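Structure first, commentary second.
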Amino acid sequence: MRSHKENYAVKRSLGTKFRRDWDLYLLLLPGVLWFLAFAYKPMLGLVTAFYDYNTFKGLAGSTFVGLDNFREYVSGPDFLRTVKNTIMLALWQMAICFPIPIILAIAITEMKNKGISKLTQTATFLPHFISTVVVCSIVINFLSPSTGIFNIIRKQLGLDPIYFMVKPEFFRPIYTIMTLWQNAGFDAIVYIAALMGIDMQLYEAAIVDGAGKWKRILHITVPGILPTVVTMFILKVGKMVKVGYEAIILLYQPSTYPVADVISTYSYRIGMENGNFGMATAAGIFEAVIALVMVLSANVISRRVTENSLW
Amino acid sequence: MKKNHLIVSTSERIFNITMNIVGIIITIVCLYPIYYVLIASFSRPYYVDNGDVLFRIIGFTLDAYKRAFSRNGLFTAYGNTIFYTLVGLLFNMFFTTTMAYALSKKRLAWRKALTLFVVFTMWFNAGVIPTYLNFRDFGLINSRLSILLGFSINAYNLIILKSFFEQVPDSMEEAAFMDGASNLRIFTQIYIPLSTPALATVSLMYAVNRWNSFFWPMNLITSDEKLPLQVYLKKMIVDGFAGGEESVILTQSSTWSQTTMIYAVIIIAIIPMLIAYPFIQKYFKTGITLGANKG
C-alpha cells in the first residue's frame, strides 16, 4: 500500500487527482456555484447598459441601443453634478477621515495610563458596529429643528434653530463627521498594530541621546508607520469613488441633491425608483470603470513606491 | 547614565497628563451620542425638548418603550432580524468554510485561478442594478431566500478562513489519510475543531453584518411581515422625517413623544450589539490584523 505522501511525489493526471480527492472538489462546489450565480452572473447583466431595458419582458424583449444610455447620461444635466459631488465627498473623506485615525492611533499608544488608553480604544471602536440606519437616525434626530439636541442648545443660547438636514451647505460636513465618528476607531486599529511593531530600543536610545517627546514622535514613530500609512492611503484612493451611497440615500433630500447626489445614488434613484434600468446600469459602469482604473494605478504606484503591491 | 530614562522631565509629565485628558475627551465625544439617546428614551419629552436632559434621566418613564412595542410590526421585525441573522449565519458558514477549506489545499487543481476567481469579486462587482435584476431573474424578489442565500459569501472572510486553514500543519492531514479518512471526515473532524478561534471571528463578522444590513432587504423584500428591524427603523425614522416635523404640543405630563419613542427603538435595535461588544472587540482585532496582512 502506498502512502498518501508518496502519491503526491508522482505527477498525476487530472483524472487521477479527481478520483483521489473527489470529495475535496465536492466541498469546493457549493462556493463555486454561489460565485457563478450571485457574483458573476450579475456581471453579464451589465449589458443592460446597452439596451433600452423593458421592465416587463426582461432583456430578451428589450431593444439594443448601443451607447445611447451612456450618451444620454454624459450629456444630461446630472452628469457634471454627480461627478463633481462624488469627487468633492471623496476629497472631504481623504482630507479628514484619512489622517485622523493615524493621529488617534499615535495618541492612543502615547497614553501612559493603560486604563485610559484601553478605554479610548474601546470607545472609538464601538460606533463601527452600530448600523448605518441607526447612525443616520441619530444624526437626523439630533439635528431636527424642534426636538434635536443641537437646536435645543441653540435655543438655550438664544439662537434661532437651523434645519440642518435641508441646507445644502451642511451636507458635506454632516456626512464627513458622521463617517469619522463611525470609522475612526476602526481605521486606527491597523496603525496601532504597526505602532506596536516599532522597536522599543529605538526610543530608549533616543531618550539617552536627549531627544524630547515630539522629536521621538517625529523621528521614530512617524517613519515607523509610514509604510502602513502609504499602503492604506493607496487602498483608500482605490475605494475613494465608491462613497457610501447606503448612508447618502438615508440622509439626502431633494433640497440637498445639488451637493449630495453622487454617481451611485443617482444610478440607484433612476434605476430603482424611476425604473430606467438601462441608464442606471450605464452610470454604474461609468463609476466602476473609474474605480477600477484607480485601483490598478494605485497598485502600480504602490509597487514602485513601497515595493509591496496587492497582487 | 543607564538610569537616565527613568527621570521624567516636567515637559514630559505635562505631555503625559495632556494625553490622558485627550483620551478622556475622545471617549466622551464617542459615547455621548449613545448615552444621550439612552437617557432621553427614559425621560419625559417635555424635559428633553426643554434641554434639561443632558446628563441624566429626568422624569423617568417607560412609556416610550411601551409605545414602541405596541406599534405594529416591531416584534415581527425583531423576530425577522433574529431569523435572518441566525439562519443567514448558517448559510454563510456552510458556503464559506467548505470553499475556504478546499482552496487551502495546495494540491487542488487550478488553485490559483480559483483563488483569483474569489479575489476578483473583492475589487469588482456588477453594481446595484444588475445585482437586483439578477435576483429578479431568479424569482427571488420578496423571498426570504434572497437575503439568506444571496449574501452567503463575503470574499474577504473566505480569504481569512483560507489562510487560517493553511496554517494547520500538513502532518495532521497526512496521519488521518494513513488511517483511511476521507477529505470530508478530515475537514469536519480535524480542521473544524482546530479552527474554532478563526471560525468565531468570521461568524461574528458575518453576524454583525447580518444584523445591521438594510440596503438589500430594503430593495428585495416588499411585504412588511418579512422586513428586518433595520428596514423597519428606516421606514419609521428616515421616511418619517421626510414627511415633516410633528406639531403636537407637549406638556409636562406627556410621557412620550415621537422623538423619545424613536430613541427607544434605537436603543432596542443596538442592545444586542452592545451586549456582544466585548466579544466583537476581542475577535475583530484578530480579523482585521489577519486581513491586513493578507491584503
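Residue numbers (my numbering), protein chains in the order written: chain A, 1 to 311; chain B, 1 to 295. Backbone N, C-alpha and C define an ideal beta-carbon position, used for all residues, glycine too. Please read all numbers here as calculations on a predicted model, not as lab measurements.
Backbone CA spacing between F171/A and E173/B [nearest angstrom]: Here residue 171/A refers to the residue found at position 171 of the first sequence. Here residue 173/B refers to the residue found at position 173 of the second sequence. If I take the Cα positions, the gap works out to 57 Å.
Contact defined as beta carbons within less than 8 Å: I believe T48/A pairs with L133/B. What is the distance between those atoms, to the nearest angstrom? Numbered from 1 along the first sequence, position 48 holds the residue referred to as residue 48/A. Numbered from 1 along the second sequence, position 133 holds the residue referred to as residue 133/B. With a Cβ gap of about 7 Å, T48/A and L133/B count as contacting.
For Q258/B, tell me which candidate among R67/B, C30/B and V22/B has the shortest Cα-Cα distance. Residue 258/B sits at position 258 when you count from the first residue of the second sequence. That would be R67/B, whose Cα lies nearest to the Cα of Q258/B.
is_contact[P345/A, chain B] using C-beta, thresh 9 Å: Past the edges of chain A, shown from 1 to 311, lies residue 345/A, and the structure says nothing about it.
Taking Cβ-Cβ distances below 8 Å as the criterion, which residues of the region 130-152 of chain A are in contact with chain B? I130, S131, T132, V133, V134, C136, S137, I138, I140, N141, F142, S144, P145, S146, T147, I149 and I152
Using the Cα positions of R185/B and A176/B, report the straight-line distance between them to the nearest angstrom. Along the second sequence, one-based indexing puts residue 185/B at 185. Along the second sequence, one-based indexing puts residue 176/B at 176. The alpha-carbon atoms of R185/B and A176/B are separated by roughly 9 Å.
Between the beta-carbon of L251/A and the beta-carbon of V134/A, is there less than 9 Å? Translated into the one-based positions of the first sequence, residue 251/A becomes position 251. Translated into the one-based positions of the first sequence, residue 134/A becomes position 134. No. Outside cutoff.
To the nearest whole angstrom, what separates the beta carbons of W211/B and D63/B, a pair I think is in contact under 8 Å? Taking the first residue of the second sequence as 1, we reach residue 211/B at position 211. Taking the first residue of the second sequence as 1, we reach residue 63/B at position 63. The Cβ separation is near 27 Å, so there is no contact.
Cβ closer than 8 Å: which chain A residues qualify as neighbours of V208/B? Locating residue 208/B in the second sequence gives position 208, counting from the first residue. Under the 8 Å cutoff, chain A gives F129.
If you draw a straight line from the C-alpha of A242/B to the C-alpha of A269/B, how long is it? In the second sequence, counting from the first residue as 1, residue 242/B sits at position 242. In the second sequence, counting from the first residue as 1, residue 269/B sits at position 269. Confidence at A242/B is low in this model, with a pLDDT of 46, below 50, so the placement of that residue is unreliable and no value is reported for it.
So which residues on chain A does E11/B lean against when the C-beta distance must stay under 8 Å? Sequence index remark: in the second sequence, residue 11/B carries index 11 (1-based). First, the residue type needs correcting, since residue 11/B is Ser and not Glu in the sequence shown. Those within 8 Å of S11/B in chain A are G212 and K213.
Assuming L89/A contacts V243/A (C-beta within less than 8 Å), just tell me the rounded distance between them. Residue numbering aside, residue 89/A sits at position 89 when the first sequence is read from its first letter. Residue numbering aside, residue 243/A sits at position 243 when the first sequence is read from its first letter. That pair is a contact at about 5 Å.
Given L233/B, which residues of its chain have a CB within under 7 Å of its CB, disregarding the five upstream and five downstream residues? In the second sequence, the residue the question calls residue 233/B occupies position 233. So the qualifying residues of the chain are V265 and A269.
Spatial neighbours of A77/B in its chain, beta-carbon cut-off 7 Å, leaving aside the 5 residues before and after: Mapped onto the second sequence, residue 77/B falls at position 77. Contacts found: L227, P228, L229 and Y232.
May I have the straight-line CA-CA distance separating A100/B from K114/A, to the nearest angstrom? Within the second sequence, the letter at position 100 stands for residue 100/B. Within the first sequence, the letter at position 114 stands for residue 114/A. Cα to Cα, the separation comes out at about 38 Å.
Collapsed DSSP secondary structure at L44/A in the structure displayed: Indexing the first sequence from 1 puts residue 44/A at position 44. Helix.
Short of 8 Å in beta carbon distance, which residues of its chain neighbour S203/B, apart from the five on each side in sequence? Order them along the chain. In the second sequence, counting from the first residue as 1, residue 203/B sits at position 203. Here the set comprises L89, N92 and M93.
Taking the DSSP output, what are the residues bridged to D52/A? On the first sequence, residue 52/A is found 52 positions in, with the first residue counted as 1. Bridge partners of D52/A: T63/A.
Below 8 Å, how does it come out for the region 41-56 of chain B and the region 19-29 of chain B: are there three or more Cβ pairs, yes or no? no
Would you check if there are 3 or more beta carbon pairs closer than 8 Å linking the region 97-110 of chain A to the region 180-196 of chain B? no
Pick from S104/B, I141/B and S171/B that is closest to F164/B, judged by C-alpha positions: The residue given as residue 164/B occupies position 164 in the second sequence. Of the candidates S104/B, I141/B and S171/B, the one whose C-alpha sits nearest the C-alpha of F164/B is S104/B.
May I ask you to list, following chain order, the residues of the region 124-154 of chain B that have a beta carbon less than 9 Å from some beta carbon of chain A? F124, N125, A126, G127, V128, I129, P130, T131, Y132, L133, N134, F135, R136, D137, F138, L149, G150, F151, S152 and I153
Can you have a look at W34/A and say buried or exposed, based on whether 16 or more other CB atoms are within 10 angstroms of its CB? Stepping through the first sequence from its first residue, residue 34/A is reached at position 34. Buried: at least 16 other Cβ atoms inside 10 Å.
Straight-line gap, V10/A to T16/A (C-alpha atoms, nearest Å): Here residue 10/A refers to the residue found at position 10 when the first sequence is read from its first residue. Here residue 16/A refers to the residue found at position 16 when the first sequence is read from its first residue. A caution first: V10/A carries a pLDDT of 47, below 50, which makes its placement in the model too unreliable to give a value.
Please list the segments of the alpha helix (DSSP H) lying wholly inside the region 136-161 of chain B, counting only runs of 4 or more residues, in order along the chain. 144-150
Starting from E20/B, find everything on chain A with Cβ-Cβ shorter than 9 Å and list it in chain order. Along the second sequence, one-based indexing puts residue 20/B at 20. What sits at residue 20/B in the sequence shown is Asn, not Glu. Simply M111, K112, N113, I116 and S117.
Would a C-beta distance cut-off of 9 Å place T176/A and Q121/A closer than the cut-off? Locating residue 176/A in the first sequence gives position 176, where the first residue counts as 1. Locating residue 121/A in the first sequence gives position 121, where the first residue counts as 1. Cβ atoms of T176/A and Q121/A: not closer than 9 Å.
Could you work out which residue in S152/B, V22/B, I190/B and P33/B is closest to I130/A when comparing CA atoms only? Counted from its first residue, the first sequence places residue 130/A at position 130. Checking every option, the nearest Cα to that of I130/A belongs to P33/B.
Return the CA-CA distance between V241/A and T10/B, expressed in angstroms with no decimal places. As a working mapping, residue 241/A is identified with position 241 in the first sequence. As a working mapping, residue 10/B is identified with position 10 in the second sequence. Between V241/A and T10/B, the C-alpha separation is close to 47 Å.
For chain B, check one thing: does any of its Cβ atoms lie closer than 9 Å to the Cβ of A39/A? On the first sequence, position 39 is the one that residue 39/A refers to. Output row for A39/A: interface = yes.
G284/A (DSSP reduced to helix, strand or coil): Translated into positions along the first sequence, residue 284/A becomes position 284. Three-state result, G284/A: helix.
What in chain B is Cβ-close to I225/A, meaning under 7 Å? The residue given as residue 225/A occupies position 225 in the first sequence. Correct list: empty, because the minimum Cβ distance to chain B is about 13 Å.
Looking only at its own chain, which residues have a Cβ that is under 8 Å from the Cβ of I275/B, when we skip the five neighbours before and after it? Translated into positions along the second sequence, residue 275/B becomes position 275. Hits under 8 Å: none found.
Report, in whole angstroms, the separation of the C-beta atoms of V87/B and L149/B, which I expect to be a contact under 8 Å. Taking the second sequence and counting its residues from 1, one reaches residue 87/B at position 87. Taking the second sequence and counting its residues from 1, one reaches residue 149/B at position 149. In fact, because the Cβ distance is near 10 Å, the residues do not count as touching under 8 Å.
Would you mind stating whether A353/A and A126/B have Cβ atoms separated by less than 9 Å? With chain A represented from 1 up to 311, any question about residue 353/A goes unanswered, as that position is not in the structure.
Whole-angstrom distance between A211/A and N16/B, CA atom to CA atom: Here residue 16/B corresponds to residue number 16 of the second sequence, with the count starting at 1. Here residue 211/A corresponds to residue number 211 of the first sequence, with the count starting at 1. Whole-angstrom Cα-Cα distance: 16 Å.
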